[in-house]
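Its first residue numbered 1, the sequence shown is counted upward by one per residue in the UniProt record's numbering.
Virtual Cβ for every residue (Gly too), placed ideally from N, Cα, C.
Since the model is a prediction, treat every value here as computed from it, not as a measurement.
One structure below.
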Amino acid sequence: MKTRTKGTTKTVAQATESAKSVTPKIELAPESTNPPHLFILPKDASPEARIVSIENSRYEEEDRYLICPERGIYEFTRVAAPKTTPRSWLLDPQDEEGGKEDKAKGFVSKAADLYIATQIDPIFILLPALAPRPKSISSESAKKLFLAGDDYLERVTTASPQLSSLVRIEGLRTRLETRMAVVCDTVDAGDETMYRLNEGKLLDELLRKAKKMCASGLPASMEEKLIRKALEVPMLSIKRDQSFLSELVNEEDPVRGHVGITTPAETPDTQNSTSTAATSFSEASTAATSFSENIPTPRITLPPINAPEGVADLLRLRTALFFIFSAYLAPHLTEALKKLLICQSFSVDFAPLDTYLAHLAKLRQEAVAARSLGDYSRKRSMNEDDEGLESRAEKKQKKDEEEKRKKAGESRGVRDLKKVNVSGMKKMSDFFKKKV
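And the structure:
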């Protein structure tokens with residue numbers, strides 16, 4: 001027998017309503033393959049300023065630079081949000097009169113990257129032309145000759161063609177030749193000046209920049225990881241071994257342990273310091289997860305570095321100098337300047353720093369050796385303790401087994417008699433004694 005089913009009009013209507021609810025009211029445009037970037041440029045840049053691609057003096061790759069004939073050359077420093085807390089930019093364009101344009105022309109940047117134009121010395125743009133890389137590793141460096149400024153600028157424009165039109169501007173050309181004369185030996189050939197790179201002058205100029213960098217203070221991360229950690233005196237493990245031996249003595253003989261070795265007890269001062277540390281940690285975590293414009297962040301005062309006088313400043317200076325090397329100089333030029341820096345006749349003597357770092361390296365080796373020796377003795381004592389524990393456990397096990405065997409051989413009546421309270425009663429042997 002066949003039956004006729006009713007239509008599913010209600011089900012179709014529900015599906016249509018759910019599809020309408022899922023569909024967004026405003027459809028977003030597809031993601032752009034070439035999204036805009038946010039730049040902060042100098043306010044007083046001239047109208048002739050351009051963003052061009054120039055060969056990087058370190059990696060021989062093209063990077064973006066802002067060239068202003070009046071203000072100089074600027075590099076772009078990228079400031080990005082940490083990956084743990086991703087952020088975005090909400091960009092709202094404005095017209096020339098300051099009013100907002102149509103809302104549909106806004107843009108949401110997926111990555112909150114900010115490019116800040118920071119001024120750079122033109123010397124770093126000229127270094128690839130002044131000190132070209134050797135063609136091969138084994139090849140000897142070519143003999144340095146005096147060349148005209150136009151020849152060096154032609155080398156720069158050959159590697160960076162976008163710079164050729166700007167170099168013709170008199171103001172920028174004069175600026176480049178002025179900075180070239182600072183690091184080069186010059187001779188006059190008629191009406192023309194000839195230049196040749198002097199590595200000693202270049203090192204003097206970079207040391208001056210490093211000193212200026214140290215005067216304003218190194219970043220906190222560099223100060224902590226490259227200065228304080230490098231000058232930290234290693235703790236020998238002898239104290240740790242003594243504390244371990246004192247714990248062993250206290251476990252074996254508490255009275256003897258308190259006679260020879262004293263351990264600091266918890267006093268109200270230590271309790272106060274512990275609570276203060278916990279409070280400061282909670283305050284720091286709160287400050288890290290919240291934002292307040294009115295409450296100023298207290299400045300943390302770090303303890304002084306335990307090192308001979310002048311050693312920390314020398315390390316800061318060399319760290320800043322090596323940072324400039326790694327960021328702006330080609331590897332072959334970096335090696336040449338490092339060799340020149342070792343020369344004792346140079347303006348800055350890093351011998352006290354090298355001597356102290358060698359002393360710290362020796363102390364670290366002694367600490368590692370003492371720690372390994374302490375670990376061996378500690379391991380041996382622990383093995384001996386384990387053997388003693390095993391022997392005691394075996395004795396206890398044998399004793400328990402003997403008691404179980406004795407109890408198993410006793411009758412029920414004997415076990416019941418043992419439970420009887422015989423306090424105040426005479427023993428059976430008293431009845432068989434002779435009367436006096």
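Note the first and the last residue of the continuous alpha helix (DSSP H) segment covering residue i.
i    : result
V182 : E170 to V182
I342 : P331 to I342
V167 : S164 to V167
V414 : R412 to K418
L126 : I123 to L130
L90  : Taken as a continuous stretch (DSSP letters only), L90 belongs to no alpha helix (DSSP H), being part of the beta strand (DSSP E) at W89 to L91.
V156 : G149 to A159
Tell me whether the beta-carbon of residue i lies closer than 8 Å to the beta-carbon of residue j.
i    : j    : result
V156 : L126 : yes
I227 : T319 : yes
E62  : I123 : no
E199 : L317 : no
I67  : R50  : yes
R196 : D185 : yes
L207 : L321 : yes
P93  : K105 : yes
L90  : L38  : no
Exposed or buried, residue i, counting other C-beta atoms within 10 Å across all chains shown (16 or more means buried)?
i           : result
N56         : buried
M180        : buried
residue 442 : Nothing can be reported for residue 442: it is not among the residues displayed for the chain, which extend from 1 to 436.
S221        : exposed
P128        : buried
F431        : exposed
A361        : exposed
S423        : exposed
I40         : exposed
A148        : exposed
E394        : exposed
G72         : buried
Per DSSP, which residues does residue i bridge with? Please list them.
i           : result
C68         : G72
L226        : BP columns for L226 are empty, so no partner.
Y115        : F39 and R78
F323        : None, per the DSSP bridge assignment.
R50         : I67
T186        : Y195
E60         : Its beta-bridge partners do not exist; DSSP assigns none.
residue 466 : Because the chain in this structure spans residues 1 to 436, residue 466 falls outside the shown range and cannot be described.
I120        : I73
residue 444 : The shown model of the chain, from 1 to 436, leaves out residue 444, and the question about it has no answer.
Pull up the CB-CB distance for residue i and residue j, whole angstroms please, since I reckon it's below 8 Å.
i    : j    : result
Q162 : S32  : 25 Å between Cβ atoms; not a contact.
R64  : Y328 : Actually they do not touch by this definition, with Cβ atoms about 16 Å apart.
L333 : A131 : 5 Å
S109 : P42  : No, S109 and P42 are not in contact; Cβ-Cβ is about 22 Å, not under 8 Å.
Hey, could you find the ends of the beta strand (DSSP E) residue i is sitting in?
i    : result
L197 : E192 to L197
V108 : F107 to S109
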